[in-house]
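Every position in the sequence shown, counted from 1, becomes a number in this note's numbering once 11 is added.
Every residue gets a Cβ at the ideal spot worked out from N, C-alpha and C, and that includes glycine.
Everything numeric in this text was worked out from a predicted model, so none of it was measured.
Presented below is the structure to which this report refers.
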Amino acid sequence: PERYKEILDICQLTPDLEILPGGEFTEVSSNGTNISGGQKARISLARAIYKEADIYLFDDPMSSVDSIISMEIFNKVLLKYLKGKTRILIRHDIQNLHLMDKIIYMDKGRVIWSGTYEEFTKNDLYKDLVAQTKKRTSLEEEEKMKKRKMTIEAITRKKSTTNIQEKIAKGKLIKDEEMK
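Shown next as structure tokens:
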């Protein structure tokens, strides 16, 4: 029970169990539509580390979770809980590469480069990845701002509509309009 609770905690699942209708006994549908992508990823991670293997292969396990949760999981699971185990981590970004013992850069199933982080930072591949990451991050931030603006506009419009509807219901709209 202690190990089980620890794994739930380090995989950031404890808060989810509090909101799921059946808690830890919530049945996940076969297609997983009753939980989010991030919850699926964290459940898979918890199941994997609960097995107590000597070698772990993770295929971008943090891609479906936000950056804060990702860092928590990375630190608590990969760096602390699985310390001393062989961990092979497939990533599609450059985050946390500086914490890796060895980096293998692949493209279309072929090894293009391998070495340490220090060696990698001197390579043109690294510089290209940093530039791509900055560009992608900039585009993602721009998209977030557009969505936020649209949400604010939608909320503003809804508020205005609500105010008009309230005035109509109270018979004040005509009076306000007549006074202008």
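For residue 122, the secondary structure class from DSSP, reduced to helix, strand or coil, is strand. Counting C-beta pairs closer than 8 Å gives three or more between the segment 55 to 65 and the segment 13 to 26, which meets the contact rule. Classified as buried, residue 53 has 16 or more neighbouring CB atoms from the shown chains inside 10 Å of its CB. In the structure shown, residue 97 adopts extended strand secondary structure according to DSSP, grouped into three states. Per DSSP, the unbroken beta strand (DSSP E) holding residue 68 starts and ends at 66 to 70.
Secondary-structure assignment with DSSP links residue 116 through a beta bridge to 124. Taking 8 Å as the upper bound for CB-CB distance, residue 78 and residue 103 are not in contact here, some 14 Å apart.
Residues 116, 134 and 136 of the same chain have their beta carbon placed closer than 7 Å to that of residue 124, with the five preceding and five following residues left out of the count. Going by C-alpha positions, residue 97 is about 21 Å away from residue 130. Each residue's CA atom was taken as its position, placing residue 128 and residue 61 some 30 Å apart. In the DSSP assignment, residue 37 falls outside any alpha helix (DSSP H), carrying neither H nor E.
Between residue 65 and residue 101, the gap from beta carbon to beta carbon reaches 7 Å or more.
Contact between residue 108 and residue 114 holds, since their C-beta atoms are separated by about 6 Å, short of 8 Å.
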